[in-house]
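S.K.:
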Amino acid sequence: MNFDSLGLAAPILEAIAAAGYTEPTAVQAQAVPEALAGRDLMVSSQTGSGKTAAFMLPALQLLTVPHALAGNGPRVLVLTPTRELSMQVTRATETYGRNLRRIKTVSIVGGMPYPVQNKLLRMGVDILVATPGRLLDQMNSGRVDLSRLQLLVLDEADRMLDMGFSEDLEAIVSKTPASRQTMLFSATMEPAIVRLASAMLKDPVRISVDSQQAPHLNIEQRLHFADDMGHKNRLLDHVLRDAEMKQAIVFTSTKRAADDLAQSLLQSGFSAGALHGDMKQSQRSRTLQSLRSGGLRVLVATDVAARGIDVQGISHVINYDLPRQAEDYVHRIGRTGRAGRQGIAISFVGLRDRNVVRTIERFTAQPIPVSVVPGLEPRPRSASAPARPSDRPTSVRRHSSPDAPGRLRGSVFSNTASGVIVFA
Ligand code: AMP
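Going by my numbering, the sequence shown opens with residue 532, and the numbers climb by one from there.
1) Going by beta carbon distance, what residues of the same chain come within less than 8 angstroms of Arg629, once the five residues before and after it are set aside?
2) Check each candidate in Val861, Arg869, Arg872 and name the one with the smallest Cα separation from Ser878.
3) Does the Cβ of Tyr627 lie closer than 7 angstroms to at least one heavy atom of the ligand AMP?
4) Nearer than 7 angstroms: is that true of the beta carbon of Arg869 relative to any heavy atom of the ligand AMP?
5) The ligand AMP and Asp841: does the residue's C-beta get closer than 7 angstroms to at least one heavy atom of that ligand?
6) Answer yes if the region 673 to 683 comes into contact with the region 588 to 602, meaning at least three C-beta pairs across the two stretches below 8 angstroms, and no otherwise.
7) When the Cα atoms are used, what is the spatial distance from Met694 to Asp768?
8) State the beta-bridge partners of Asn850 as determined by DSSP.
9) Given this structure, state the Cα-to-Cα distance separating Ala790 from Asp734, to the nearest angstrom.
10) Please report the distance separating the alpha-carbon of Val835 from that of Ser799.
11) What three-state label does DSSP hand Glu908 in the structure shown?
12) My assumption, with CB atoms under 8 angstroms, is that Thr662 sits in contact with Val637. Please give the rounded CB distance.
13) DSSP three-state call for Ser729: helix, strand or coil?
14) If you follow the alpha helix (DSSP H) that Ser536 is part of, which residue opens it and which one closes it?
15) The alpha helix (DSSP H) spanning His807 covers which residue range?
16) Can you tell me where the beta strand (DSSP E) holding Ala661 begins and where it ends?
17) Under three-state DSSP, which class holds Glu892?
18) Where does Lys582 land, buried or exposed, given buried means 16+ other C-beta within 10 angstroms?
19) DSSP state of Thr947, grouped into three classes?
20) Taking 7 angstroms as the line, does the beta carbon of Gly695 fall inside it for any heavy atom of the ligand AMP?
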């Protein structure tokens, strides 16, 4: 199938071609024609499946026809759980809408100065991309009028519910016209999502493309048992010096750990930076921009980055700490292998993490093969009782690096009693 058969206007097709897309992804092929026919959609699709274009292409098509009502309120509203995802959706709008004149896209997210947002809103909006909390603030101050709204998109609805936005969503939706078209995208279709959908969608077309649990076939997953933090650091150093490593996201479980690790990596000569929820929006944007431009090679992040970061150069995702939820594992590793590329996802697993591994493996229905780096093997007790139903590793692979061991010796990490990482 090619894009020409989907029923999209010529300027949109030209923008798609300019983006280098030759054929629609599965979710686009199924969702776009139904959306163009005006149907409500309830879509479960895997992260990285091309879902943004699946709703944004029909949204842009809608804007090629003038609205019957005058006014400067948005015609399309996309709600996202995080600022990063809002920014990504806004960028996608610019990519796909580049040949359409006079389309104004505004992003309203927390952390952005109110005066800037107020000014943008006064100037008029066609597509509003927002996180629910800040949008509701702006609505309550009378700065957003949703009476002209034609299309509402709930992107990553499961995450919005997880983040406690349920009431905000209801309040926002209650201010939109009943005549609107609604599209809900979610990685999972758990009961809470189905309830949300039945309250907000009218006779939706259900589309399911690759369940959340579907394997990321283009992502090679590996597991390294790690004795302690010092061992994790030596493994990390090894992975980051691998010739295959282009850019990496390293996930930690706390903001403090992300800052400390980024700092340590910087001192060790890596171009590294941190990203987490305590940073100012301007700092977060600068860091992401630097990642996208390739200036930053290693991003150390908390789960704030597990969704919404779409950088095609990310060759490796490293779970320095495992996520608390199996679902977050899927989102994290989905940061690599973008747009059909190959990716590598590596998890460092300590003694106490075995149950988490078991939960992840059940959730994805995929075992994570155990890897061993010669010279960096775990102490026997770490590897002797891996967390698998079969109670033994599915496979053990040995990875050597052209750099080892000489370079490793130059940057051995050690772990101080205070928990701060330093380089020996
Ligand atoms: P998404 O799931 O919307 O975050 O998209 C994941 C990645 O796929 C992004 O880098 C998009 O630019 C890319 N993408 C979306 N649609 C296509 C397509 N039809 N062909 C190739 N790449 C695509």
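Just so you know, even glycine gets a beta-carbon here, dropped at the ideal spot from N, CA and C.
M.R.: A quick look at the data gives this:
1) Within the same chain, Ala546, Ala549 come within 8 angstroms of Arg629 by CB-CB distance, once the 5 residues on both sides are set aside.
2) If we check each option's Cα against that of Ser878, Val861 comes out closest.
3) Checking the Cβ of Tyr627 against the ligand AMP gives no.
4) True, at least one ligand heavy atom lies under 7 angstroms from that Cβ.
5) Correct: Asp841 has its Cβ closer than 7 angstroms to the ligand AMP.
6) Contact between the region 588 to 602 and the region 673 to 683 is present, because at least three Cβ pairs lie under 8 angstroms.
7) If I take the Cα positions, the gap works out to 34 angstroms.
8) Paired residues: Phe782, Ser878.
9) It should be noted that the sequence gives Asp, not Ala, for residue 790. Rounded to whole angstroms, Asp790 to Asp734 spans 47 angstroms at the Cα level.
10) CA-to-CA, the gap between Val835 and Ser799 works out to about 25 angstroms.
11) Correct three-state label for Glu908: coil.
12) Actually they do not touch by this definition, with Cβ atoms about 13 angstroms apart.
13) Here Ser729 sits in helix by DSSP.
14) Neither: Ser536 is in no alpha helix (DSSP H) and is coded neither H nor E.
15) Taken as a continuous stretch (DSSP letters only), His807 belongs to no alpha helix (DSSP H), as it is neither H nor E.
16) Bounds of the beta strand (DSSP E) holding Ala661 are 658 to 661.
17) Looking at Glu892 - three-state DSSP - the assignment turns out to be helix.
18) Around the beta carbon of Lys582, 16 or more other beta carbons sit within 10 angstroms, so the residue counts as buried.
19) Caution is warranted here: a pLDDT of 24 is assigned to Thr947, below 50, making its placement in the model unreliable, and the coordinate value is therefore given only provisionally. Looking at Thr947 - three-state DSSP - the assignment turns out to be coil, as it is neither helix nor strand.
20) Distances taken from the Cβ of Gly695 to the heavy atoms of the ligand AMP include none shorter than 7 angstroms.
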